[in-house]
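Student: This is the structure, below, for whatever I ask next.
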Amino acid sequence: MSPTEGQAASRLLQVEIVDVCRNIFSGRCSRVVAPAVDGEVGVLPRHTPFLTRLRPGEIRLRTEAGEDQYFYLSGGYMEVQHWEVSILADQVLRSEEIDREAALEAKRGAERMLRENRIPSERDRAYVELLKALAQLRLLERLSAQKLGRTWP
């Protein structure tokens, strides 16, 4: 490795994303954006170390090759060290693995449960399912807008 290549590699984060069933992503990235419970958080190399819970939402990576990758996350934890990011989740889906019709059906079912159910624990469960479905649909909308050349907030 030349000195220039070594310097470029040292400016990247080593990112690991795993869920309970599989290793989803392992590689070097220039940035990571994830949905922390207190708001979206962006991580660049040399970030201050921290640990946070993640809510349902999307993970965005800019890989070493400069391509953007998107993942749906059901919730989990993220640990950040100066040069490493580890994300552990119950479920992570690559953008191409998201089933739009299943997400729409889950959204409708959760909304129905929220309207009809008066038991607080059941309403809480329905609310979480609604958040997960909405996160999947938002990710699909973002990708669709990008394909059409539109910006996404």
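Read in my numbering, the sequence shown has 293 at position 102, and its numbers run on one by one without any break. Note that CB positions come from ideal geometry on N, CA and C, so glycine has one too.
Hey, would you say GLU207 sits closer than 9 Å to SER221, going by beta carbons?
Tutor: No. Outside cutoff.
Student: Going by C-alpha distance, which of VAL228, CYS212, THR239, GLU249 is nearest ALA326?
Tutor: For ALA326, the nearest C-alpha among the options comes from GLU249.
Student: Give the straight-line distance between the Cα atoms of LEU334 and ASN214, rounded to the nearest whole angstrom.
Tutor: Roughly 23 Å separates the two Cα atoms.
Student: Buried or exposed: where does LEU204 fall if 16 or more other Cβ atoms within 10 Å of its Cβ makes it buried?
Tutor: LEU204 is buried by the Cβ-count criterion.
Student: Using only alpha-carbon positions, find the residue among VAL224, ARG246, THR239, VAL209 that is nearest to VAL319.
Tutor: ARG246
Student: By the 10 Å Cβ neighbour count, where 16 or more other Cβ atoms means buried, how is TYR263 classified, buried or exposed?
Tutor: buried
Student: Apply the 10 Å Cβ neighbour rule to ARG244 and answer buried if 16 or more other Cβ atoms are within range, or exposed otherwise.
Tutor: exposed
Student: If you draw a straight line from the C-alpha of ARG253 to the C-alpha of SER277, how long is it?
Tutor: 15 Å
Student: So the candidates are MET269, VAL223, GLY266, LEU322; which of them puts its Cα closest to the Cα of ALA301?
Tutor: Of MET269, VAL223, GLY266, LEU322, the smallest CA-CA separation from ALA301 is found for LEU322.
Student: Among the residues of its own chain, which have a CB less than 7 Å from the CB of ALA294, if the five just before and after it don't count?
Tutor: Spatial neighbours of ALA294 in its own chain (CB-CB distance under 7 Å, excluding positions within 5 residues in sequence) are listed in chain order as ALA324, GLN327, LEU328.
Student: Quick check on LEU330: buried or exposed, where buried means 16 or more other Cβ atoms within 10 Å of its Cβ?
Tutor: Here LEU330 is buried, its C-beta having at least 16 other C-beta atoms within 10 Å.
Student: What separation, rounded to the nearest whole angstrom, lies between the Cα atoms of ASP290 and LEU235?
Tutor: 31 Å
Student: Just mark VAL223 as buried or exposed, buried being the case when its beta carbon has 16 or more other beta carbons within 10 Å.
Tutor: A residue is called buried when at least 16 other Cβ atoms come within 10 angstroms of its Cβ; VAL223 meets this threshold and is buried.
Student: Which word fits ARG237, buried or exposed, when buried means at least 16 other C-beta atoms lie within 10 angstroms of its C-beta?
Tutor: exposed
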